[in-house]
Amino acid sequence: MQDDPTLFTTLKGHKDTITALSFHPGLKSIASSANDGVVSVWQLKQPRKIYRFMGHKGQVSDVQFSPNGLLIASCAKDETIRLWNNTVEGSSVSIKAHSAPVRSVQFSCDGQLLVSSSDDKSVKVWSVNDRKFQYGFQHTNWVRSAVFSQDVRLIASGGDDRAVIIWDCDSKKEAQRYNEHIGVVYKVQFSPDSTILGSCSHDKKLKLFDVRSKRVIQHYDAHADSVLDLKFHPSGQFAMTSGADSKVKVWDLRMGKLAYTLYGHNGQATTCAFSNHGDYFATGGSDSMILVWNTNWVCSGQESLDEKPKQVKTKPIQHTQPQTQQQSSQQKENIQQTNKDVPAEVITQLDNISGQVSDVQFSPNGLLIASCAKDETIRLWNNTVEGSSVSIKAHSAPVRSVQFSCDGQLLVSSSDDKSVKVWSVNDRKFQYGFQHTNWVRSAVFSQDVRLIASGGDDRAVIIWDCDSKKEAQRYNEHIGVVYKVQFSPDSTILGSCSHDKKLKLFDVRSKRVIQHYDAHADSVLDLKFHPSGQFAMTSGADSKVKVWDLRMGKLAYTLYGHNGQATTCAFSNHGDYFATGGSDSMILVWNTNWVCSGQESLDEKPKQVKTKPIQHTQPQTQQQSSQQKENIQQTNSQLPKQKETVLYSNADNSLHKKSEFNQSVQLQKEDVPAEVITQLDNISGQLELITRTLQALEQRVSNNEQQICRLNLALTRDFERSEQIQHQIYDLKPLEEQVQDQEEEDNINYIKFHRAANN
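Here this note's numbering is used: the first residue of the sequence shown is 1121, the next is one more, and so on.
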């Protein structure tokens, strides 16, 4: 049963209206901006500290963490954007972005670009690395909000001209315009998969547009006053709005109705934000207060386990401590004993398939399941108890793999007919394909859906360009069948595993092998990356599952449990769990337990307040609201008070370059002072930016080398042409001499003729 959201904590420190909130990707902190001209970063762990960054002159309109959490972008009425280092010093650089107050700023999902909107009626795109203007778009009035789509191919914007506009970043033209609001548009926001665009307005409405069909699909009379902010839950199943009526509302988009109404602000609820995983959200208001809440609800396809898995007595053995057969048998016995204590049931069995099923995958939104089989078909199933499905006659031989694109619009499949094919999910039609010289075992999309990687029995790992429909890169590094290819979460690394017992990692940009592992004692059958990108997991025909630390470049864990081949493996979306399957018909679900850099959870579990938010079907009276606020304040007063450390920072320092550690360092909090940990975090950040800078310089050098090659080729051609011209000139010289001789002979003949005539 779902619980109502509950208040976790209240953050006090600003002296004016809160204008924007942003969670750190790793849930370490919350950044806030306010009309007092200050950007604050609040630590969520105890002891709770506040870092205040002051550099803007005037009210700060918006703030956002970069996707990696190393930078903070803010914008203000002083017409500038500032990029801050997320460190104690908080040094920053300023971009003179617009000729009027800047209303919003947002990072692209890859962290390479910024988009800003302004009262100068423009939307502008900036490069983060060199802070240079790239391109822009124009409204007819002030622009209040501008955001990137997930794949950075679209920008949506809205403002005082009441229009919601989608811009195409490739053509630099307007792609779609919606004139559905009758008031100022305060906020536009793409859903996590960018298939839906939401907007909220001074007309008190929340509207949702289908980006593909270009129609309004949902419309809500959201608040009793202006709707000031809008955010989607990471699952895409809920939206949250904050209004000038002091209320915060959560909308169930699947049911098409209001789920929760939250009270707590004394004045306008001006802004709201979800954490990256959706477990928490924060709201800010004109009362200068920031309220942090526990979400508590469970999303379809994102359910947590009802009962925490019980730990077995034995732990995975490190690479330096090989496990004996006796230990392995004992561990398996313990696992089986534990499994008997954990209740499990089959919700529904989807069995309308003839032949062995080769692959299965959820769609990004969890509504569909794709499967493929040796009957040469792909099936799309509704993720319901009924499990209805449609079939695609995909190939002329058994289908080996199927995968959704990150936006859920496409499917890619591979087959024993030696082909890779791409399909539209909506109409299930073939789009385009690629050809191998032998069976294709695996094919996957990159994160931005611009590349496809495939591998198979021809032993080649091939990257295909989805725009040009041509082969972009080929790796012939394996000496056996390639069973699986997989992109890392950011698609900068491509991994492959093979019958030759090897795991290989390729750098997609430099096109080189960067890591090579003798992974198993038999064929490596499957490969998956942890969502953090810091670990890879392989399963092998030797019955073992292995976890590889990619930063350290070594084996982290060897796991036993399967009686026979370990045929497949998979991580959960957040990486907290993983599952393995084998030829013993067993599926083992594991707790990950390791902590990745930048993905720590909160140390202390939130405390619940006495009163709960009121459902939409039970309107709250003014007396109840006052009583609830009193209870909230009493509860907050009961929480242990922590001494706040307030650090001030000037913005005159240059932006420090940051980067991440090449190896993860685990520190015990009891032994190491917090200052040392902070310094290590700073060094980690600096190293990461240096790494990124070197990669960018490497790319520039590569580009320059290509230009030099082209220039040399052009010069060679020019030289050849000049030689040809010289040869032609030399060929003309004898002809010129002949003409001169002829002229001399004619002159002599003329003189002779003239003399003869005189005589």
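We put the CB at the ideal spot given by N, CA and C, even for glycine.
Keep in mind that this is a model prediction, so the values were computed, not measured.
Compare the C-alpha of residue i against each of the options and name the closest.
i: ILE1498; options: ASN1485, GLY1486 and SER1478; result: SER1478
i: GLY1318; options: GLY1303, ASP1281 and ALA1359; result: ALA1359
i: PHE1649; options: LYS1664, SER1333 and VAL1605; result: VAL1605
i: ASN1261; options: ALA1877, ARG1297, GLY1278 and ARG1520; result: GLY1278
i: THR1126; options: ALA1389, LEU1234, LEU1411 and ARG1875; result: LEU1411
i: GLN1555; options: ASP1577, LYS1538, LEU1378 and THR1200; result: LYS1538
i: SER1608; options: CYS1617, GLY1653, PHE1565 and VAL1644; result: GLY1653
i: THR1315; options: ASP1156, ASN1546, ILE1868 and ILE1170; result: ASN1546
i: ILE1192; options: SER1142, ASN1502 and PRO1354; result: SER1142
i: ASP1577; options: SER1588, SER1618, LEU1670 and ASN1386; result: SER1618
i: LEU1670; options: SER1588, SER1659 and HIS1636; result: HIS1636
i: TRP1162; options: ASP1250, ALA1402 and PHE1310; result: ALA1402
i: ASN1565; options: PRO1145, GLY1575 and ALA1140; result: Correcting the residue type first, residue 1565 is Phe in the shown sequence and not Asn. Nearest C-alpha to PHE1565: GLY1575.
i: ALA1364; options: ALA1389, LEU1328 and LYS1377; result: ALA1389
i: GLY1376; options: GLN1338, TYR1400 and ALA1342; result: GLN1338
i: VAL1183; options: THR1712, LYS1135, SER1544 and VAL1159; result: VAL1159
i: GLY1660; options: ASN1683, GLN1270 and ASP1587; result: ASN1683
i: TYR1595; options: TYR1603, ARG1579 and ASP1585; result: ARG1579
i: GLY1486; options: LYS1241, ALA1563 and GLY1356; result: GLY1356
i: THR1712; options: PRO1518, GLN1232 and TRP1668; result: TRP1668
i: ASN1206; options: SER1214, ALA1217 and ASN1188; result: ASN1188
i: GLN1309; options: LEU1326, SER1544 and HIS1385; result: LEU1326
i: ARG1335; options: ASN1299, GLU1199, LYS1307 and ILE1828; result: ASN1299
i: GLN1476; options: PHE1482, ALA1517 and ASN1502; result: ALA1517
i: VAL1347; options: SER1321, LEU1328, LYS1367 and ASP1341; result: SER1321
Just confirm the distance between the C-beta atoms of residue i and residue j, as a whole number of angstroms; I'd bet it's less than 8 Å.
i: GLN1226; j: PHE1268; result: 6 Å
i: HIS1301; j: ARG1282; result: 5 Å
i: SER1237; j: ARG1202; result: Actually they are not in contact, since the Cβ atoms of SER1237 and ARG1202 sit about 16 Å apart, beyond 8 Å.
i: LEU1647; j: ALA1656; result: 6 Å
i: ARG1548; j: SER1534; result: About 17 Å; that fails the 8 Å criterion.
i: GLY1398; j: HIS1353; result: 5 Å
i: ASP1349; j: THR1391; result: 5 Å
Over the uninterrupted beta strand (DSSP E) stretch that includes residue i, give me the two end residues.
i: GLU1591; result: 1590 to 1595
i: TRP1668; result: 1665 to 1669
i: GLU1496; result: Where GLU1496 is concerned, there is no enclosing beta strand (DSSP E), given that its DSSP letter is neither H nor E.
i: ASP1349; result: 1347 to 1352
i: MET1409; result: 1409 to 1414
i: PHE1392; result: Checking the sequence, you will find Cys at residue 1392 rather than Phe. Start and end: 1389 to 1394.
i: ASN1711; result: 1707 to 1711
i: THR1361; result: 1358 to 1363
i: TRP1584; result: 1581 to 1585
i: TYR1637; result: 1632 to 1638
i: VAL1480; result: 1477 to 1482
i: LYS1377; result: 1377 to 1382
i: HIS1339; result: 1335 to 1341
i: TRP1622; result: For clarity, residue 1622 is Lys in the given sequence; the question names Trp instead. Per DSSP, LYS1622 belongs to the beta strand (DSSP E) from 1622 to 1627.
i: SER1103; result: Lying outside 1121 to 1879, the shown extent of the chain, residue 1103 is not represented and no answer is given.
i: TRP1371; result: 1368 to 1372
i: ALA1266; result: 1263 to 1268
i: TYR1400; result: 1400 to 1405
i: ALA1344; result: Taken as a continuous stretch (DSSP letters only), ALA1344 belongs to no beta strand (DSSP E), as it is neither H nor E.
i: LEU1233; result: 1233 to 1238
Could you name the residues that DSSP lists as bridge partners for residue i?
i: ALA1140; result: SER1153
i: MET1657; result: LYS1648 and VAL1667
i: LEU1817; result: In DSSP, LEU1817 forms no bridge with anything.
i: VAL1305; result: SER1321
i: LYS1604; result: CYS1617
i: GLY1702; result: ALA1686
i: GLN1254; result: In the DSSP output, where bridge partners are listed per residue, GLN1254 has none listed.
i: TRP1543; result: LEU1531 and PHE1550
i: ALA1573; result: VAL1564 and ILE1583
i: SER1511; result: ARG1499
i: ASP1288; result: LEU1274 and LYS1293
i: THR1129; result: VAL1412
i: GLN1860; result: GLN1860 pairs with nothing; no bridge assigned.
i: ILE1316; result: ASP1330
i: ILE1489; result: PHE1482 and TRP1501
i: VAL1222; result: SER1238
### Task
Enumerate, from N- to C-terminal direction, the unbroken beta strand (DSSP E) stretches of 3 or more residues contained entirely within the stretch 1161 to 1207.
Counting only runs of 3 or more, we get 1169 to 1173, 1180 to 1185, 1191 to 1196 and 1200 to 1205.
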